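K.L.:
First the structure, which I've put down as structure tokens, then a few questions once you've had a look.
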Amino acid sequence: MFEIAKTAGGYASTATTLVSINGSDGSLIADANGDLFGTTKFSLYDSGTVFEIAKTAGGYASAPTTLVSFNVSDGRQPEAGLIADSHGDLFGTTARGGGANGTVGNGTVFEIAKTAGGYASAPTTLVRFNATDGDFPTGSLLADVHGDLFGTTEGGGATGDGIVFEIVKTPTGYASNPTTLVSFNDADGSSPDGGLLADAHGDLFGTTELGGANDDGTVFEIKKTAAGYASTPTTLVSFNSADGASPLSGLIADADGDLFGTTSAGGANNDGTVFEMTNSGFVPAGSAVKPENDGILFWSTDGQAAIWGMDGTNVIAGGTVSPNPGPSWYTVGTGDFNDDGLPDLLWQNANGQAAIWEMNGTSRIGGGAVAPNPGPSWYAVGTGDFNDDGHSDILWQNANGQTAIWEMNGTSRISGGAVNPNPGPSWRAIGTGDFNDDGHSDILWQNTNGQAAIWEMNGTSRIGGGAVNPNPGPSWRAIGTGDFNDDGHSDILWQNANGQTAIWEMNGTSRIGGGAVTPNPGASWFAVGIGDFNGDGHSDILWQNSSWQVAIWEMNGTSRIGGGAVNANPGPSWYAIGLT
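Going by our numbering, 344 is the number at position 195 of the sequence shown; the sequence numbering is gapless.
Rendered as structure tokens:
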């Protein structure tokens, strides 16, 4: 394992050897502390290891720490690199091992849990491949925003030409069997050795070593659909030896969506190529289709909605939403009801009827009325993902304080119901957030006396939480939730009658930091929303004053680090009501 130091003039011309290891495969990853993690294909018992190289005050430890030694039954020969989730748990594949009754096995997917003292000394085997559902996984895993894992196996599947698989994350862990997304058939590719790459839509891209029109390998795409993924790949390139052959590694993409990769053979000297693909259909994160920065949702008293796409305080896209549903309809907020990665609009009218407009930017592309109509005594508080399925759900409250959750898939209510107990009419549901960082939305409450409470939820079941202390008093109003310190736990934004705001940084129901936000903008400014407008991972504050002017304060914790007035004033009768 080596390091090439960056210098004032570029990079050092010689490498610094950090550690000498026999038989290392796969790429390194680093955690937030700079510690390095990797795999070795071989070890004392020929089964491989997962190791850590600790970062020290003087550089790096000169010897690796072995976290796990595989023993064939729990895996053998991890050839690919690792990935880590937000908790620091490590995930990877072994090309062999995991077989039953003393057999070597067809490979595994494993997890190494991070513990209070470091890491578990034994892997948790998530999947044992059985040839039918895959054989010989040699590529790195990919995780989506829901924690689902994706990968490839070089062999196995319906024709033995390899597969692309998904391992679904469940409320209790992971599915014990992989879902085969694609089974290659040589004509569309064979032997996918490398890992996968996902774009902003969730479409998957990768390579196969063999197969395709000339049996020299392919670059493929698997499109994400409303129901999951396409069952057949789209062949983007069939190599022809002259332009390369046998790509063994995965792809990378630049900010323009161009794809880059290597082939191990072919080219002018048959020694391999480095290639670039333009116009591949790859949609990079941060594109106009799926912005990294939040935008502003407006509603006018005549029923018209508008969306402004933002880059900090600059309006860079957007406009009015068509059609105008009329003055009896008001926009409650946004959510991703069809799980396409794009925000949709939730509406409610005066008789209680709700509707969802599935959106792409300011264009309505689907959706409609939500059935049944709960009636005019129920009002939609907001949206969240209470069952952690990737589809936004609706949180309701009625006049006597009773709340209900409708678990949704698009405009269809698929489950949910009343949330018990009923806290009573003195408690108002403010909104949703994930205070315990478990992937399930929780409910933030405030009482008429100022007291706040958090109910930690799993679906419609309250599983924890309680009162938030201290009670700030009735002059303080809870505005909503955001993650101001970027620790994965939702925080609370407050404002009092004189305009002063405060942020409470939370871990569950415990206040762990935060305080007053300075300066005080004054009583003519109202905090109306929370979002990440500059794309730095820290929530920011959206303001509007009595003259309709909108402003954004870019935040890091309770510190204002930038922002100011937005470079357009929407004018009278336009209310900034939320974020997209």
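For every residue, glycine included, the Cβ atom is placed at its ideal position computed from N, Cα and C.
All values reported here derive from a predicted model rather than from experimental measurement.
Just curious, the beta strand (DSSP E) that Glu654 is in, first and last residue?
P.N.:
Its beta strand (DSSP E) spans residues Thr650 to Asn656.
K.L.:
Counting Cβ pairs closer than 8 angstroms, one from the segment 415-432 and one from the segment 442-449, do we hit at least three?
P.N.:
These segments do not touch.
K.L.:
Would a C-beta distance cut-off of 8 angstroms place Ile784 and Ala529 closer than the cut-off?
P.N.:
Residue 784 is absent from the structure shown; the chain starts at 150 and stops at 729.
K.L.:
Decide yes or no for the touch test of the segment 336-347 against the segment 314-328: beta carbon pairs closer than 8 angstroms, at least 3 of them.
P.N.:
As far as the Cβ criterion goes, the segment 336-347 does not touch the segment 314-328, which means the pair count is below three.
K.L.:
Measure the CB-CB distance between Asp282 and Thr357 and report whether it falls below 8 angstroms.
P.N.:
Not in contact: Asp282 and Thr357 (Cβ atoms no closer than 8 angstroms).
K.L.:
Taking just the CA atoms, how far does Pro570 sit from Ser610?
P.N.:
Distance between the alpha carbons of Ser610 and Pro570: 10 angstroms.
K.L.:
For the beta strand (DSSP E) containing Trp736, list its first residue and its last residue.
P.N.:
Outside the modelled stretch of the chain, which goes from 150 to 729, sits residue 736, for which no answer is possible.
K.L.:
Could you check whether Gly727 and Gly678 sit closer than 8 angstroms to each other, using their CB atoms as the reference points?
P.N.:
For Gly678 and Gly727, yes; Cβs fall inside 8 angstroms.
K.L.:
Starting from Arg225, trace the beta strand (DSSP E) in both directions and tell me its first and last residue.
P.N.:
It is not in any beta strand (DSSP E) - Arg225 carries neither H nor E in the DSSP assignment.
K.L.:
Run the CB neighbour count on Val258, radius 10 Å, all protein chains shown included, and call it buried at 16 or more, exposed below.
P.N.:
It counts as buried.
K.L.:
Three or more C-beta pairs under 8 angstroms: does that hold for the segment 697-710 against the segment 481-490?
P.N.:
Contact fails: fewer than three Cβ-Cβ distances are below 8 angstroms.
K.L.:
So, at 6 angstroms on beta carbons, what are the nonlocal neighbours of Gly559 in its own chain, with the 5 sequence-adjacent residues on each side left out?
P.N.:
Once the five neighbours on either side are set aside, the close Cβ partners of Gly559 are Phe486 and Asn487.
K.L.:
Between the C-alpha atoms of Gly377 and Phe285, what's the straight-line distance to the nearest angstrom?
P.N.:
Going from the Cα of Gly377 to the Cα of Phe285 covers about 24 angstroms.
K.L.:
Is Ile232 closer than 8 angstroms to Ala269 when the C-beta atoms are compared?
P.N.:
Against a cut-off of 8 angstroms, the Cβ pair of Ile232 and Ala269 comes out as no contact.
K.L.:
Name the two residues that bound the continuous beta strand (DSSP E) containing Gly313.
P.N.:
Looking at the sequence provided, one finds Val at residue 313 rather than Gly. Taken as a continuous stretch (DSSP letters only), the beta strand (DSSP E) holding Val313 covers Ile312 to Ile316.
K.L.:
Can you list the beta strand (DSSP E) stretches of 3 or more residues lying completely in the segment 398-457, in chain order?
P.N.:
For the segment 398-457, whole beta strand (DSSP E) runs of length 3 or above, ordered along the chain, are 408-412, 422-426 and 445-449.
K.L.:
What distance in whole Å lies between the Cβ atoms of Pro623 and Gly599, which are believed to be in contact at a cut-off of 8 angstroms?
P.N.:
With 8 angstroms as the limit, Gly599 and Pro623 qualify as a contact, their Cβ atoms being about 4 angstroms apart.
K.L.:
Taking just the CA atoms, how far does Ala499 sit from Ser722?
P.N.:
Roughly 19 angstroms separates the two Cα atoms.
K.L.:
Bridge partners of Ala206, per DSSP?
P.N.:
Paired residue(s): none; Ala206 is not in a bridge.
K.L.:
Just checking my contact of Gly615 with Ala601 at CB under 8 angstroms: how many whole Å lie between their CB atoms?
P.N.:
Going by Cβ atoms, the distance from Gly615 to Ala601 rounds to 10 angstroms, so no, they are not a contact pair.
K.L.:
Got a sec? Which residues, its chain only, sit under 6 angstroms from Pro272 by beta carbon, not counting five neighbours each side?
P.N.:
Cβ within range, chain order: Val217, Asp223, Phe259 and Ile261.
K.L.:
For Pro525, which residues of its own chain have a beta-carbon under 6 angstroms away from its beta-carbon, when the five flanking residues on both sides are left out?
P.N.:
The residues are Asn500 and Gly501.
K.L.:
What does a CB cutoff of less than 7 angstroms around Ala402 pick up in its chain, not counting 5 residues either side in sequence?
P.N.:
Closer than 7 angstroms at Cβ, skipping near neighbours: Leu346, Leu408, Phe431 and Pro433.
K.L.:
Given this structure, state the Cα-to-Cα distance separating Ser673 from Ser696, to the nearest angstrom.
P.N.:
Each residue's Cα considered, the two are about 9 angstroms apart.
K.L.:
I'd like the list of long-range same chain contacts for Val715, defined as Cβ closer than 7 angstroms, with 5 residues on each side in sequence excluded.
P.N.:
If we look at Val715 and ignore the five residues flanking it on each side, its Cβ neighbours are Thr462, Val464, Val699, Ala700 and Ile701.
K.L.:
In whole angstroms, what is the alpha-carbon distance linking Lys155 and Thr165?
P.N.:
Approximately 12 angstroms, taken between the alpha carbons.
K.L.:
By the 10 Å Cβ neighbour count, where 16 or more other Cβ atoms means buried, how is Ser332 classified, buried or exposed?
P.N.:
Flag for Ser332 reads buried.
K.L.:
In angstroms, rounded to a whole number, what distance separates the CA positions of Glu201 and Met150?
P.N.:
Glu201 and Met150: Cα-Cα distance of roughly 11 angstroms.
K.L.:
Note the first and the last residue of the continuous beta strand (DSSP E) segment covering Asp392.
P.N.:
It is not in any beta strand (DSSP E) - Asp392 carries neither H nor E in the DSSP assignment.
K.L.:
Where do the N-terminal and C-terminal ends of the beta strand (DSSP E) with Ser689 fall, by residue?
P.N.:
One detail in the question is off: residue 689 reads as Asp in this sequence, not Ser. Segment Asp689 to Asn694, the beta strand (DSSP E) holding Asp689.
K.L.:
Along the chain, where does the beta strand (DSSP E) containing Val258 start, and where does it finish?
P.N.:
It spans Thr257 to Ile261 - the beta strand (DSSP E) in which Val258 sits, taken as one unbroken run.
K.L.:
Expressed to the nearest angstrom, what Euclidean distance is found between the alpha-carbon atoms of Thr214 and Ala203?
P.N.:
Whole-angstrom Cα-Cα distance: 8 angstroms.
K.L.:
How many angstroms separate the CA atom of Phe240 from the CA atom of Leu290?
P.N.:
Going by the C-alpha atoms only, they are around 7 angstroms apart.
K.L.:
Using only the alpha-carbon positions, how far apart do Asn334 and Gly415 sit?
P.N.:
Roughly 23 angstroms between the two C-alpha positions.
K.L.:
Label Thr597 either buried or exposed according to how many other C-beta atoms from any shown protein chain fall within 10 Å of its C-beta, with 16 as the threshold for buried.
P.N.:
Answer is exposed; the Cβ neighbour count stays below 16.
K.L.:
Could you give the distance in angstroms between the alpha-carbon of Thr729 and the alpha-carbon of Thr381?
P.N.:
If you take the alpha carbons of Thr729 and Thr381, they lie about 33 angstroms apart.
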